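J.: Per the working numbering, the very first residue in the sequence shown carries number 287; after that it's consecutive. Glycine residues also receive a C-beta, built at the ideal position from the N, C-alpha and C atoms. Computed from a prediction, not measured in an experiment: that's the story for all the values here.
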Amino acid sequence: MKQDEIVERLDPDSIHAPEINYEHLHRYFFARNLVKNKTLLDLGCGDGYGAMILARRAKKVTGIDIDKKTIDKASKKYRAANIDFKVIPAQKINTLKKTFDIVTAFELIEHLSQDDQQKCIEQIKSVLKTDGLLLISTPIKEEFMGINNPFHLHEFENREFKDFIQNSFHHCVFFGQRIYCGSVIWNLHSSSESEKQTKINEVLIHKGPHRFQEASDRNKRAMFTIALCSDSEINIPEDSACFDISNELLISRVRQIKSLKMVLSAKDLDMNNAQKSLEAMRIEREKTEVYAKDLELNLEKSKTEFKKVQVYVKSLEEVLKKKDEHLQRLVGPNLKK
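1. Can you look up glycine 336 in the DSSP assignment and give me helix, strand or coil?
2. Using a Cβ-Cβ cutoff of less than 7 Å, which residues in the same chain neighbour isoleucine 426 once the five nearest sequence positions on both sides are dropped?
3. Is cysteine 458 near leucine 414, with beta carbons less than 8 Å apart?
4. Between which two residues does the beta strand (DSSP E) harbouring phenylalanine 442 extend?
5. Quick check on aspartate 328: does DSSP put it in helix, strand or coil?
6. Could you give the DSSP three-state label for alanine 527: helix, strand or coil?
7. Taking the alpha-carbon positions, what's the lysine 587 to lysine 593 distance?
8. Tell me the DSSP secondary structure of glutamate 393 in three-state form.
9. Does DSSP put phenylalanine 282 in a helix, a strand or coil?
10. Tell me which residues share the same chain as isoleucine 451 and place their Cβ nearer than 6 Å to its Cβ, disregarding the 5 neighbours each side in the sequence.
11. Roughly how many whole angstroms lie between the Cα atoms of lysine 322 and cysteine 528?
12. Please name the residue or residues paired with phenylalanine 371 in a DSSP beta bridge.
13. List the residues that DSSP assigns as beta-bridge partners of cysteine 515.
14. Out of Leu329, Asn558, Asp297, Asp517, point me to the one whose CA is closest to threonine 416's CA.
15. Would you list the residues sitting across from proline 425 in a DSSP beta bridge?
16. Give me, in chain order, the residues of the same chain whose beta-carbon lies closer than 8 Å to that of arginine 342; leave out the 5 immediate sequence neighbours on both sides.
17. Helix, strand or coil, according to DSSP, for isoleucine 388 in the structure here?
18. Keeping to the same chain, check which residues put their C-beta closer than 7 Å to that of glutamate 428; ignore five residues upstream and five downstream.
19. Beta strand (DSSP E) containing isoleucine 491: first to last residue?
20. Can the beta-carbon of leucine 340 be found closer than 8 Å to that of tyrosine 314?
21. Give me, in chain order, the residues of the same chain whose beta-carbon lies closer than 7 Å to that of leucine 394; leave out the 5 immediate sequence neighbours on both sides.
22. By alpha-carbon positions, which one of Arg504, Leu326, Lys573, Phe447 ends up nearest to threonine 390?
23. Quick one: is aspartate 290 buried, meaning 16 or more other Cβ sit within 10 Å of its Cβ, or exposed?
24. Leucine 419 and aspartate 520 - do their beta-carbons sit closer together than 8 Å?
25. Give me the Cα-Cα distance between glutamine 542 and asparagine 505, rounded to the nearest whole angstrom.
26. So, with DSSP's three-state summary, where would you put lysine 362?
27. From leucine 490 to glutamate 524, what does the alpha carbon distance come to, in whole angstroms?
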């Protein structure tokens, strides 16, 4: 298998599932709040969209990936003075110097074997400054039961991942991530962006047996875990929400529903045509069965008539035989004279 066939990648410009976009982009926007004037390493940078998001606030961003074609694409697509892209496997980043304030490794660790996962963490620590910070995320295995991702070599259960990270760092803070449907209320009279309040007043609701009702954090179930790890004290960031004001997810769902309805309509038409064909075949079969029964009856009649003819022929033969015998008796004496 080729190298570029063993890695799954996100291209925000071409992805057809907006929710995947939201998951990946939100992690980078979450990290962006921590990287101001920092030197940063983005592991598994893909085509570089995340590195570009971080570079808008970071002092310097180095994006690395295992695939040369991907890095070449990133270098052309996201050119900036403070971004550098390199071809380096995650297991060999110790070739870099211990100069990074922050390392990001989003949806990377599950693509490595268990042995390489531990090596990767060790090498991340080898390039992090003493007070450096690692942001790392992974899907929660329990939330994806029954889904086999061929690109994932080892997925973590929730508790397993936390133990894995805590065994390597003195300080760890864990965040959960999941896409939820929601609504936004904002001040329409703010004269500038600086006047806007960015604090999200989170209200949780869930559908009960008969109606929506207020919920709590206990009702939220993360699909991904994001860990902030360091050997120094961590300034814990606030929770984060990401809203797509283009409503691409809803729009895509409407498109999908319309498309599915068209497919279903076509299938219904095909089914109706098939049912009509089956009905025509059934009627034809019934006609054929009736005709076959008529043939059987005619055959039986013919057999009966044939037997009658056979009996009649036999009786004629008997009559002829008797007449022949009688004739022989009459003719026989005359022949002797």
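T.: Concretely, from the data shown:
1. Helix.
2. Excluding positions up to five away in sequence, the list reads Asn444, Ala508, Met509, Phe510, Thr511.
3. No, these two residues do not count as a Cβ contact at 8 Å.
4. Bounds of any beta strand (DSSP E) do not take in phenylalanine 442, whose DSSP letter is neither H nor E.
5. DSSP, read as helix, strand or coil, puts aspartate 328 in strand.
6. In the three-state reduction of the DSSP assignment, alanine 527 falls in the coil class.
7. Computed Cα separation, rounded: 10 Å.
8. It is coil, neither helix nor strand.
9. What the structure shows of the chain is the stretch from 287 to 623, and residue 282 is not part of that stretch, so it cannot be assessed.
10. Apart from the 5 residues on each side of it in sequence, isoleucine 451 sits with its Cβ closer than 6 Å to the Cβ of Cys458, Ala513, Cys515 in its chain, given in chain order.
11. Their backbone Cα atoms lie some 19 Å apart in a straight line.
12. Phenylalanine 371 has Gly349 as its beta-bridge partners, per DSSP.
13. Leu420, Cys458.
14. Considering only alpha carbons, the answer is Asp517.
15. Beta-bridge pairing links proline 425 to Phe510.
16. Same-chain partners within the cutoff: Arg318.
17. It is a strand residue.
18. Residues of the same chain with a CB within less than 7 Å of the CB of glutamate 428, apart from the 5 flanking positions on each side, are Glu443, Asn444 in chain order.
19. Element bounds for isoleucine 491: 491 to 493.
20. Yes.
21. Cβ-Cβ distances below 7 Å link leucine 394 to Leu329, Gly330, Ala376 in the same chain, with the five nearest sequence neighbours on each side left out; the list follows chain order.
22. Nearest option by C-alpha distance: Leu326.
23. Only weak support is given to the placement of aspartate 290: the predicted model assigns it a pLDDT of 43, under 50, and the value that follows is read from those uncertain coordinates. Under this definition aspartate 290 is an exposed residue.
24. A quick correction: the sequence has isoleucine, not aspartate, at residue 520. A contact, by the Cβ cut-off of 8 Å.
25. The alpha-carbon atoms of glutamine 542 and asparagine 505 are separated by roughly 29 Å.
26. Secondary structure at lysine 362: helix, using DSSP grouped into helix, strand and coil.
27. Leucine 490 and glutamate 524 have their alpha carbons spaced roughly 17 Å apart.
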